[in-house]
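Engineer:
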Amino acid sequence: MQQIHWDDFTKVELRVGRVLSAEPFPEARKPAYILRVDFGPGIGMRKSSAQVTAHYRPEELVGRLVVAVVNFPDKQIGPLMSECLVTGFHDVDGNVALCVPDRDVPLGTKLL
Numbered sequence: 005m006q007q008i009h010w011d012d013f014t015k016v017e018l019r020v021g022r023v024l025s026a027e028p029f030p031e032a033r034k035p036a037y038i039l040r041v042d043f044g045p046g047i048g049m050r051k052s053s054a055q056v057t058a059h060y061r062p063e064e065l066v067g068r069l070v071v072a073v074v075n076f077p078d079k080q081i082g083p084l085m086s087e088c089l090v091t092g093f094h095d096v097d098g099n100v101a102l103c104v105p106d107r108d109v110p111l112g113t114k115l116l
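So the number in the working numbering is just where the residue sits in the sequence shown, counting from 1, plus 4.
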């Protein structure tokens, strides 16, 4: 595993947001949803493609807190311009489970 310096870690803006909407993304190469995530007044709403269809239905995602990288450059994913990277972990089958806070925290809070 490559080590990084503390300064490298502090450059990554991992922030908490709340999913406002989740819609199927049929144009994606792998099954995915288009998520609209609210990160609060300082950051606002961002869109992301999330390959989380194995564990979540769209209606289960709405209202959930998620952790996302908000300072990557925008990335074109098919017809969608992704504005953040929602984080997760692969389970034993390779499906993505979301990385989420276990308590309610203010939108936009940075991961320490």
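Where a beta carbon is used, it is the ideal one built from N, C-alpha and C, also for glycine.
Hey, could you find the ends of the beta strand (DSSP E) residue 111 is sitting in?
Structural biologist: No beta strand (DSSP E) holds residue 111; DSSP gives it neither H nor E.
Engineer: I'd like the ranges of any beta strand (DSSP E) spanning at least 3 consecutive residues and lying wholly in the segment 65 to 113.
Structural biologist: Complete beta strand (DSSP E) runs here, min 3: 69 to 73, 79 to 81, 84 to 86, 92 to 94 and 100 to 102.
Engineer: Compute the distance between the beta-carbons of residue 115 and residue 43, then report whether it is under 8 angstroms.
Structural biologist: Taking 8 angstroms as the Cβ cut-off, residue 115 and residue 43 do not qualify as a contacting pair.
Engineer: How many angstroms separate the CA atom of residue 72 from the CA atom of residue 91?
Structural biologist: Each residue's alpha carbon lies about 5 angstroms from the other.
Engineer: Excluding the five sequence neighbours on either side, which residues of its own chain have a C-beta within less than 7 angstroms of the C-beta of residue 36, listed in chain order?
Structural biologist: So the qualifying residues of the chain are 29, 53, 54, 55 and 57.
Engineer: Find out if the Cβ-Cβ distance for the pair residue 20, residue 50 is shorter than 8 angstroms.
Structural biologist: Result no, Cβ atoms of residue 20 and residue 50 do not sit closer than 8 angstroms.
Engineer: Grab the span of the beta strand (DSSP E) containing residue 51 for me, first residue to last.
Structural biologist: Its beta strand (DSSP E) spans residues 49 to 54.
Engineer: Using only the alpha-carbon positions, how far apart do residue 8 and residue 93 sit?
Structural biologist: Their backbone Cα atoms lie some 20 angstroms apart in a straight line.
Engineer: Kindly indicate which residue of 109, 69 and 27 has the alpha-carbon position closest to the one of residue 63.
Structural biologist: Taking only the C-alpha atoms, the option nearest residue 63 is 27.
Engineer: Is it right to say residue 87 is buried, meaning 16 or more other beta carbons lie within 10 angstroms of its own, or is it exposed?
Structural biologist: It is buried - the Cβ of residue 87 has at least 16 other Cβ atoms within 10 Å.
Engineer: Between which two residues does the alpha helix (DSSP H) holding residue 34 run?
Structural biologist: Segment: none, residue 34 is in no alpha helix (DSSP H) and carries neither H nor E.
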